[in-house]
Amino acid sequence: MTTRTALVTGANQGLGRALAAGLAHAMNPGDRVLLAGRRPDAVEQAVAELTAHQSTGARLEPCVLDVRDRSAMDDLAADLGEVDIVFSNATARMTPDADPADHVDAVAETNNLATTAILRAFAPRLRPGGRLIIVASALGTLDKLDARVRPRFAGAAAADLDAVDDLIGRWRAAVHAGRAADEGYGGWLNIPSKVGQVAAVRAFTRDRREADLAQGTLIAALCPGLIDTAASRPWFEDMSTAQTPQQAATWPVELALGPLTAETLAAWYGELVQFGRVIPWETGMPVPHRATR
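Per my numbering, the sequence shown starts with residue 2, numbered consecutively.
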């Protein structure tokens with residue numbers, strides 16, 4: 002039996018930690034799950050705590066990785082050689098009262114440039130049948146944007162990762178210059194950032210689709226739904242139906258490990274998916290919880 006390798010970024014807490022734990026529980030002894038984060042103490046503590054409650058399954062390993070460091074990303078990919086499962090889950094945290102100009106660099110680098118770096122570094126190393134999942138949001142569809150900037154994101158998604166990176170750079174510059182609202186990007190960083198993540202997945206997968214489907218490989222964006230975490234609580238007035246991280250990780254773990262029919266694989270490939278359905282790129286779906294900003 003081939004030993005499988007899974008990588009989860011942003012995994013020392015919240016959804017990432019739950020994803021790592023769920024994968025380790027469901028995978029086989031001899032498989033490995035890399036729990037990745039920026040701080041050595043945090044990832045080592047998370048692995049120690051999860052391993053203490055794990056009686057079977059894959060081996061959990063701490064992995065120090067700053068997803069904003071492209072060379073570190075490339076080095077890790079080279080060291081691993083081949084991978085079976087990648088969850089790109091790291092995200093930058095901010096609060097509703099924060100000045101977007103103070104946080105746009107961290108958001109763009111952690112959410113967006115890291116997404117394109119992970120696609121570039123790890124997708125070529127996926128074994129046949131592998132899964133590379135970018136954790137995004139239901140906010141990541143064109144309808145959530147001002148009509149003035151929708152064509153920019155649609156155009157980047159129809160081009161390539163360089164075009165997506167360039168657009169993120171222009172959005173970032175507009176925020177710093179105080180022009181974001183006037184140019185249609187709005188004042189909430191999450192929306193352009195999440196749309197940019199989904200645009201990256203769509204751009205990257207377009208030319209790979211036929212080859213990946215032939216090998217049973219899935220690359221997609223994921224909306225995990227509303228999760229009750231310290232990062233999400235400041236943004237939403239109603240958390241009564243929010244999932245725990247463990248609940249939110251259940252379906253993504255099944256997606257990563259379970260078999261997919263050829264029809265399902267073709268339907269989900271390159272798309273934003275949630276709980277077994279595709280969220281349409283152009284029209285999206287209603288977000289049931291109102292953000293506080």
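Yeah, the Cβ is synthetic: ideal placement off N, Cα and C, and Gly gets one too.
Here the structure is a predicted model, which means the values were calculated and not measured.
Is the beta carbon of residue i sitting closer than 9 Å to the one on residue j?
i      : j      : result
ARG69  : PRO246 : no
PRO177 : ALA102 : One detail in the question is off: residue 177 reads as His in this sequence, not Pro. Result yes, Cβ atoms of HIS177 and ALA102 sit closer than 9 Å.
PRO287 : PRO97  : no
ILE1   : PHE205 : No statement about residue 1 is possible, as the shown extent of the chain runs from 2 to 294 and does not include it.
GLY226 : LEU261 : no
TRP189 : ALA109 : no
ASP66  : LEU120 : The residue asked about is misnamed: residue 66 is Leu in this sequence, not Asp. In this structure, LEU120 does not lie closer than 9 Å to LEU66 by Cβ.
ILE134 : ALA222 : yes
TRP252 : GLY277 : yes
LEU273 : ALA139 : yes
VAL299 : THR92  : The first residue shown for the chain is 2 and the last is 294, placing residue 299 beyond what the model contains.
ALA148 : GLY156 : no
In whole angstroms, what is the alpha-carbon distance linking residue i and residue j?
i      : j      : result
ALA25  : ARG151 : 39 Å
ARG153 : ILE169 : 10 Å
ASN90  : ASP183 : 31 Å
TYR186 : THR230 : 26 Å
ILE192 : ASP239 : 19 Å
GLN14  : ARG33  : 19 Å
CYS224 : LEU51  : 25 Å
GLN275 : LEU35  : 24 Å
HIS104 : THR3   : 43 Å
ALA292 : PHE237 : Annotation note: pLDDT 46 at ALA292 (below 50); position unreliable, no value reported.
THR57  : ILE86  : 19 Å
ARG294 : GLY130 : Here the model assigns ARG294 a pLDDT of 39, short of 50, so the residue's position is not dependable, and the following value carries that caveat. Whole-angstrom Cα-Cα distance: 41 Å.
VAL44  : ALA232 : 18 Å
ASN29  : GLN248 : 21 Å
GLN46  : ALA12  : 11 Å
GLY285 : SER194 : 15 Å
ALA200 : THR142 : 9 Å
LEU8   : GLN55  : 18 Å
GLY197 : ARG128 : 26 Å
PRO281 : ARG203 : 12 Å
ALA175 : ASP106 : 12 Å
LEU20  : ALA250 : 5 Å
ALA53  : ALA22  : 11 Å
ARG5   : ASP208 : 26 Å
Can you look up residue i in the DSSP assignment and give me helix, strand or coil?
i      : result
GLY383 : In the structure as shown, the chain begins at 2 and stops at 294. Residue 383 is therefore absent and cannot be evaluated.
PHE154 : helix
ARG278 : strand
ARG216 : This sequence places Gln at residue 216; Arg is not what is there. Three-state result, GLN216: coil.
GLY15  : helix
GLU83  : coil
SER233 : coil
GLY38  : strand
ARG5   : coil
PRO97  : coil
SER241 : coil
GLU50  : helix
ALA201 : helix
GLU283 : coil
What does the Cβ neighbour count give for residue i, buried or exposed, with the cut at 16 atoms within 10 Å?
i      : result
PHE123 : buried
PHE88  : buried
ARG40  : exposed
ARG132 : buried
GLU255 : exposed
SER241 : exposed
ASP166 : buried
ALA296 : Limits of the chain in this structure are 2 at one end and 294 at the other, which puts residue 296 out of reach.
PRO125 : exposed
ASP80  : exposed
ALA118 : buried
ASP42  : exposed
GLU283 : exposed
ALA159 : exposed
Can you find a heavy atom of the ligand MN that lies under 8 Å from the Cβ of residue i?
i      : result
ARG121 : This structure simply doesn't include the ligand MN, nor any ligand for that matter.
Any C-beta of chain B sitting closer than 9 Å to the C-beta of residue i?
i      : result
GLY197 : Absent from the structure is chain B; it holds one protein chain and no more.
Worksheet item: So does the segment 56-65 actually touch the segment 111-119, counting three or more Cβ pairs closer than 8 Å?
Response: Three or more beta-carbon pairs separated by less than 8 Å are not found between the segment 56-65 and the segment 111-119, which leaves the two stretches without contact.
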